[in-house]
Amino acid sequence: MTTPRETRDYQAADAAHHIHAFVDQKALNDEGPRVMVRGDRLHVWDNDGRRYLDGMSGLWCTNLGYGRKDLAAAASQQLEQLPYYNLFFHTTHPQVIELSELLFSLLPGHYSHAIYTNSGSEANEVLIRTVRRYWTILGKPEKKVMIGRWNGYHGSTLAAAALGGMKFMHEMGGMIPDIAHIDEPYFFAHEGNLTPAEFGLRAAQQLEEKILELGADKVAGFIAEPFQGAGGMIFPPESYWPEIQRICRKYDVLLCADEVIGGFGRTGEWFAHEHFGFEPDTLSIAKGLTSGYIPMGGLILSKKMAQVLVEQGGVFAHGLTYSGHPVAAAVAIANLKALRDEGVVTRVKDDIGPYLQKCLREVFGNHPLVGDIQGVGMVAALQLAEDKTSRKRFANENDIAWRCRTLGFEEGVIIRSTLGRMIMAPALIATREEVDELVGKTLRALDRTAQEYGRL
14 MTTPRETRDY QAADAAHHIH AFVDQKALND EGPRVMVRGD RLHVWDNDGR RYLDGMSGLW
74 CTNLGYGRKD LAAAASQQLE QLPYYNLFFH TTHPQVIELS ELLFSLLPGH YSHAIYTNSG
134 SEANEVLIRT VRRYWTILGK PEKKVMIGRW NGYHGSTLAA AALGGMKFMH EMGGMIPDIA
194 HIDEPYFFAH EGNLTPAEFG LRAAQQLEEK ILELGADKVA GFIAEPFQGA GGMIFPPESY
254 WPEIQRICRK YDVLLCADEV IGGFGRTGEW FAHEHFGFEP DTLSIAKGLT SGYIPMGGLI
314 LSKKMAQVLV EQGGVFAHGL TYSGHPVAAA VAIANLKALR DEGVVTRVKD DIGPYLQKCL
374 REVFGNHPLV GDIQGVGMVA ALQLAEDKTS RKRFANENDI AWRCRTLGFE EGVIIRSTLG
434 RMIMAPALIA TREEVDELVG KTLRALDRTA QEYGRL
């Protein structure tokens with residue numbers, strides 16, 4: 014255990030040695046980061062004793078909240094028994110075997126194999142190589158192109174960033190070839206004069222147009238999040254995913270779902286694609302697999318793909334030192350058993366998820382800054398808008414949303430701002446009282462923002 018120090022000492026040492034994610038480091042050094050030191054259930058405390066309700070589950074990952082002794086005990090016991098071994102050298106270990114058995118008991122029956130990684134980014138790196146290997150085995154090596162969506166997010170490593178559609182990430186350079194993108198299904202921003210159903214179909218049909226433009230014989234797969242996470246927590250219209258699936262099947266293109274955020278109960282189903290009613294060929298997983306207590310991710314393969322790779326593929330030229338790490342696997346087992354045995358996912362669907370969604374719509378439905386509310390289960394977004402009826406967005410929506418997020422910290426709640434949307438994804442174990450606290454503190458932050466910008 015580290016010896017406690019003054020916050021300013023921590024901040025100075027951090028500035029001297031650490032480059033943070035997605036931030037202007039020079040500006041952060043001037044401001045000084047918050048130093049978080051403790052967590053319990055939905056709350057975290059900083060080094061100065063300030064308490065915050067974490068409305069983002071860390072980074073969409075602490076599904077069981079903070080302070081779970083069963084997860085800590087699983088890690089401790091495994092560290093004492095077998096702290097590490099690899100999956101090279103024709104070797105395995107009980108923890109990764111038992112995790113796989115448990116994981117596939119929770120997945121729909123058309124999946125059969127996993128390739129374990131350390132993160133969602135790595136899962137999507139593995140996805141590209143695996144999909145291309147699959148088509149090569151089938152005698153179609155020219156099927157290499159992966160299609161993603163603009164404003165989609167699939168990680169920060171080289172290939173994962175290319176799959177994603179975050180243009181400011183692409184500007185860092187080093188993009189890989191054979192990646193294409195279509196528009197996101199963002200109804201509030203792009204609907205024109207269409208109904209939601211018409212817009213959903215039109216957005217999906219861009220995929221068919223892109224496949225025909227590139228040549229179906231060259232397109233390997235389409236990857237997307239069932240709902241967009243880092244891109245603004247955007248839920249597509251109901252017509253979108255059935256049409257996407259129809260197009261993928263028509264042109265023999267693999268349908269790849271990034272479940273890194275949506276997986277493990279967030280929507281009230283074990284996996285978000287089940288909520289939207291489509292059947293992907295692959296699932297990228299991480300975050301909620303261990304409730305963020307230890308890094309672990311993976312790529313889930315359909316029986317169709319696994320059969321080809323195993324029976325016809327020969328040597329699979331891929332491996333990671335920490336793939337299927339025994340301590341990570343032990344924590345994942347404890348986490349999945351808790352989600353299952355404590356009825357957490359069912360409660361998200363039947364109780365606490367509907368309660369959160371109801372509260373958000375009652376409290377923010379007529380707020381002067383809010384133009385739309387999206388979400389299901391324990392994930393939601395408040396769309397900021399200058400005019401709700403015409404769907405006119407603020408020209409400075411990013412500044413307004415960032416200010417609201419900052420005021421949220423002052424009010425003692427952690428929410429996220431992305432592209433003019435205020436996002437929340439609290440732990441799945443939240444009580445109604447904790448949901449009330451989340452909504453109440455968010456309302457105070459939004460009211461203060463409205464006052465500062467002359468909207469209240």
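The opening position of the sequence shown corresponds to residue 14 in our numbering, with each subsequent residue numbered one higher. Even glycine gets a Cβ: it sits at the ideal position worked out from N, Cα and C.
Tell me, please, which residues DSSP counts as bridged to residue i.
i: I307; result: BP columns for I307 are empty, so no partner.
i: T130; result: G310
i: H56; result: D53, L66
i: Y98; result: Paired residue(s): none; Y98 is not in a bridge.
i: L296; result: A270, I313
i: Y124; result: S315
i: R434; result: Q396, T431
i: V426; result: L66
Cβ of residue i within 8 Å of Cβ of residue j?
i: G276; j: A136; result: no
i: G6; j: V389; result: Absent from the structure is residue 6, since the part of the chain shown begins at 14 and ends at 469.
i: H286; j: P239; result: yes
i: N60; j: P308; result: no
i: A336; j: L312; result: The question names Ala, but residue 336 in the sequence shown is Ser. Result no, Cβ atoms of S336 and L312 do not sit closer than 8 Å.
i: C417; j: S430; result: yes
i: G165; j: G244; result: yes
i: E178; j: V273; result: The sequence shown places Gly at residue 178, rather than the Glu named in the question. Not closer than 8 Å, so no.
i: T5; j: I386; result: There is simply no residue 5 to check, as the chain begins at 14 and stops at 469 in what is shown.
i: A202; j: I257; result: no
i: L352; j: V358; result: yes
i: Y176; j: I224; result: Tyr is not the amino acid found at residue 176; the sequence shown has Leu there. Contact flag unset, no.
i: L41; j: H33; result: yes
i: R459; j: V426; result: The amino acid at residue 459 is misidentified as Arg; the sequence shows Leu. Not a contact, by the Cβ cut-off of 8 Å.
i: L432; j: N411; result: yes
Along the chain, where does the beta strand (DSSP E) containing residue i start, and where does it finish?
i: A472; result: Summary: the structure shown does not reach residue 472, with the chain confined to residues 14 through 469, and so no result is reported for it.
i: R81; result: Careful: R81 lies outside any beta strand (DSSP E) and carries neither H nor E.
i: D385; result: 383-389
i: T431; result: 429-431
For residue i and residue j, I'd like the C-alpha separation in whole angstroms.
i: Y129; j: F35; result: 26 Å
i: Q219; j: D196; result: 7 Å
i: D27; j: T149; result: 47 Å
i: R64; j: K263; result: 53 Å
i: D141; j: G213; result: Per the sequence shown, the amino acid found at residue 141 is Ile instead of Asp. So the two alpha carbons sit approximately 27 Å from each other.
i: R374; j: A393; result: 10 Å
i: M391; j: L77; result: 12 Å
i: Q91; j: E251; result: 44 Å
i: D230; j: G152; result: 11 Å
i: N379; j: P439; result: 23 Å
i: I436; j: H56; result: 17 Å
i: P17; j: G80; result: 19 Å
i: N99; j: D271; result: 26 Å
i: L9; j: D449; result: Nothing in the structure corresponds to residue 9, since the chain is present only between 14 and 469.
i: I442; j: G52; result: 14 Å
i: A210; j: I428; result: 30 Å
i: Y466; j: L171; result: 39 Å
i: E114; j: E399; result: 51 Å
i: A174; j: T334; result: 22 Å
i: T75; j: S118; result: 22 Å
i: A25; j: G45; result: 8 Å
i: E292; j: E226; result: 25 Å
i: G326; j: K454; result: 54 Å
i: L322; j: H123; result: 15 Å
i: R54; j: Y368; result: 18 Å
i: G62; j: I192; result: 47 Å
i: A88; j: E155; result: 44 Å
Can you give me the start and stop residues for the alpha helix (DSSP H) that residue i sits inside?
i: R18; result: No alpha helix (DSSP H) holds R18; DSSP gives it neither H nor E.
i: L451; result: 445-465
i: V109; result: 107-119
i: F291; result: First-last for F291: undefined, no H or E at that position.
i: N42; result: 38-44
i: F35; result: Where F35 is concerned, there is no enclosing alpha helix (DSSP H), given that its DSSP letter is neither H nor E.
i: A202; result: 200-203
Does any CB atom of chain C fall closer than 8 Å to the CB of residue i?
i: E447; result: Among the chains of the structure shown, chain C does not appear; only one protein chain is present.
Hey, which unbroken runs of the alpha helix (DSSP H) at 4 residues or more fall wholly within the stretch 217-286? 253-263
Whole runs of the beta strand (DSSP E) within the stretch 392-420, excluding any shorter than 3 residues: 392-397
Runs of alpha helix (DSSP H) lying entirely within the stretch 304-369, each at least 4 residues, in chain order: 316-325, 339-354, 357-360
Entirely enclosed alpha helix (DSSP H) segments - the stretch 135-192, minimum 4 residues: 171-176, 180-183
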